[in-house]
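*Asks:* Below: one structure in structure tokens.
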């Protein structure tokens, strides 16, 4: 089970997407972002960008990585996955029609298989 407090390294491309989305929202405040089209356009733009333009986002990603490495994640103690034990005194769930059919036919099929 993943811990929601745990953070992972964010790439330079992710920071670019985040900034591009913010810019798009500023230019078109009443429009919703169509994610598929938006991500395709961002990918094309990212591929065409020079290394100098990408450097800004790489530096942000490096700073974030350094910050994450400086403060290593320590998971909370005594947190276990919750296993719900079923009360043995509870009645069984109702059987489906297939289950009743299966109970009737199982012996017939089993006898055919073992008689070979």
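Numbering (our numbering), first residue to last: 62 to 177.
In this text, a Cβ means the ideal position worked out from N, Cα and C, and glycines have one as well.
Using 8 Å as the threshold, is the C-beta distance between residue 115 and residue 73 below it?
*Replies:* Yes, these two residues count as a Cβ contact at 8 Å.
*Asks:* Straight-line CA distance for residue 170 to residue 97?
*Replies:* For residue 170 and residue 97, the distance between alpha carbons rounds to 52 Å.
*Asks:* If you compare alpha carbons, which of 166, 103, 132 and 112 is closest to residue 69?
*Replies:* Selected option, being the one with the closest Cα: 132.
*Asks:* Exposed or buried, which one is residue 118 when buried takes at least 16 other CB atoms within 10 Å?
*Replies:* Flag for residue 118 reads buried.
*Asks:* I think residue 94 touches residue 85, with their Cβ atoms under 8 Å apart; what is that distance to the nearest whole Å?
*Replies:* So it is a contact: roughly 6 Å between Cβ atoms.
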